[in-house]
Amino acid sequence: MYDPWSIDYLHIALRLILSVILGGIIGFEREQSSHAAGLRTHILVCLGSTLVMLLSMYGFSDFAKLDNVRLDPARLAAQVISGIGFLGAGTILYTGKTITGLTTAASLWVVAAIGLANGAGFYFAAALACLLSLISLFVLNQVEKKYFRAKKLRHFKLVALDRPSLIGQISGVLGKEGNTIQKLSVEEVSTEEEEQLLIHFTVRLSKDAKIADTVEDLKHLSGVRSVSCD
13 MYDPWSIDYL HIALRLILSV ILGGIIGFER EQSSHAAGLR THILVCLGST
63 LVMLLSMYGF SDFAKLDNVR LDPARLAAQV ISGIGFLGAG TILYTGKTIT
113 GLTTAASLWV VAAIGLANGA GFYFAAALAC LLSLISLFVL NQVEKKYFRA
163 KKLRHFKLVA LDRPSLIGQI SGVLGKEGNT IQKLSVEEVS TEEEEQLLIH
213 FTVRLSKDAK IADTVEDLKH LSGVRSVSCD
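Count along the sequence shown starting at 1, add 12, and that's the number in the numbering used here.
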C-alpha cells in the first residue's frame, strides 16, 4: 500500500537540484544586471524554500503514523512566505528621491515561491513561474528601457550666477532635444563675493535625450557653477 509520508530519496534529490537550477537561472539575470541579490542569493533562497517544503512533507513522517497526530505540510511553508520579506527589504535602497531594488526584492519573493512549489513536487508550475519571471525581468526590462524609461522624470539641481535670461537659456538647452520642464524653483544663495541662484527643475526627458549630454550642455552655460542630476 502506498504511504504518502514515505521518503523517496530520488525525488528529494531531484527537487533540491532543480531548485538550484531554477533559482540560478533567475539569479543569473540579476547578477548580469549587477543587483545586490545575485546568483548565489537566489539559489540559496530557492534551495532553502524547497528544503523547508520537503521538511514539512517528510520531516515529521514518524509522527504521521500516530493516531492522535495531524500534520499540516503547509504550516512551515507559510512561514517562508511571510519571512522572506526581511531579505527582500535588505535589497531595497532609498537614495534621495530614488528607490532601487524593488524588482530584486520581488524576484527573491518569487524564487521562494518557486522553491516551495518545487519542494512540493509541483514541477510544471515551478518551471513555468521561472520562465515567466525571466520574461518579466529580462524581456520586459528591454521593452521598458526602449519605450518608457527614457521618458521618465529626472530632477536637476543647478547653481549659477544671477544673470539675466538664465532661465531662458536653460529652457533652450533642454528644449532643443524635446525635453520639457515639469517643475521649476529658484532660490537665492548669495555669498559675500557673488550673487548665486540655486535652481531646482524636474524634466521629462525625450526618448533620444542622454542625461550625460544634457548635464554637459547645462554646465557650459555662462555663469553656471555646478549641475547635478538624480
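The C-beta atom is built at its ideal place from N, Cα and C for all residues, glycine as well.
These numbers were taken from a predicted model, which means no experiment stands behind them.
Query raised in the report: Which partner residues of Thr214 appear in the DSSP bridge assignment?
Result: Along the sequence shown, one-based indexing puts residue 214 at 202. Bridge partners of Thr214: His167 and Lys195.
Query raised in the report: Is the segment 203-211 touching the segment 168-176, taking contact as three or more C-beta pairs under 8 Å?
Result: Note that the segment 203-211 touches the segment 168-176; at least 3 beta-carbon pairs, one per stretch, sit closer than 8 Å.
Query - Collapsed DSSP secondary structure at Ala101 in the structure displayed - result: On the sequence shown, residue 101 is found 89 positions in, with the first residue counted as 1. It is helical.
Query raised in the report: Would you say the segment 50-69 touches the segment 121-129, given that touching needs at least three Cβ pairs under 8 Å?
Result: Contact annotation: the segment 50-69 touches the segment 121-129, with at least three C-beta pairs closer than 8 Å.
Query - Residues bridged to Gln208 (per DSSP) - result: By 1-based counting over the sequence shown, the position of residue 208 is 196. Beta-bridge pairing links Gln208 to Leu173.
Query - Straight-line Cα distance separating Ala224 from Ala162 - result: On the sequence shown, residue 162 is found 150 positions in, with the first residue counted as 1. On the sequence shown, residue 224 is found 212 positions in, with the first residue counted as 1. Because Ala162 carries a pLDDT of 49, less than 50, the predicted location of this residue cannot be relied on, and the following value inherits that uncertainty. So the two alpha carbons sit approximately 13 Å from each other.
Report task. For His47, collect the residues of the same chain with a Cβ closer than 6 Å to its Cβ; drop the 5 residues on either side in sequence, then sort them by chain order. Result -> Along the sequence shown, one-based indexing puts residue 47 at 35. Counting only Cβ-Cβ distances below 6 Å, and skipping sequence neighbours, we find Thr116.
Query raised in the report: Per the contact definition of three or more C-beta pairs closer than 8 Å, is the segment 216-230 in contact with the segment 189-206?
Result: Result yes; three or more Cβ-Cβ pairs closer than 8 Å.
Report task. Alpha carbon to alpha carbon, how far is Ser240 from Lys231? Give it in angstroms, no decimals. Result -> The sequence position of residue 231 within the sequence shown is 219, counting from 1. The sequence position of residue 240 within the sequence shown is 228, counting from 1. Going from the Cα of Lys231 to the Cα of Ser240 covers about 10 Å.
Query raised in the report: To the nearest angstrom, how far is it from the Cα of Ala124 to the Cα of Gly113?
Result: Looking up residue 124 in the sequence shown gives position 112. Looking up residue 113 in the sequence shown gives position 101. Distance between the alpha carbons of Ala124 and Gly113: 17 Å.
Query raised in the report: For Val155, is the classification buried or exposed, using 16 other Cβ atoms within 10 angstroms of its Cβ as the cut-off for buried?
Result: Residue numbering aside, residue 155 sits at position 143 when the sequence shown is read from its first letter. Of the residues assessed, Val155 falls on the exposed side of the cut-off, its CB having fewer than 16 other CB atoms within 10 angstroms.
Query raised in the report: Taking the alpha carbon of Thr103 as the point to measure from, which residue in Lys195, Gln91 and Ala118 has its own alpha carbon closest?
Result: Locating residue 103 in the sequence shown gives position 91, counting from the first residue. Of the listed residues, the one whose Cα sits closest to Thr103 is Ala118.
Query - Inter-residue spacing [alpha-carbon to alpha-carbon] between Ile96 and Cys58 - result: Position 84 of the sequence shown, counted from the start, is the residue given in the question as residue 96. Position 46 of the sequence shown, counted from the start, is the residue given in the question as residue 58. In a straight line, the C-alpha of Ile96 is about 11 Å away from that of Cys58.
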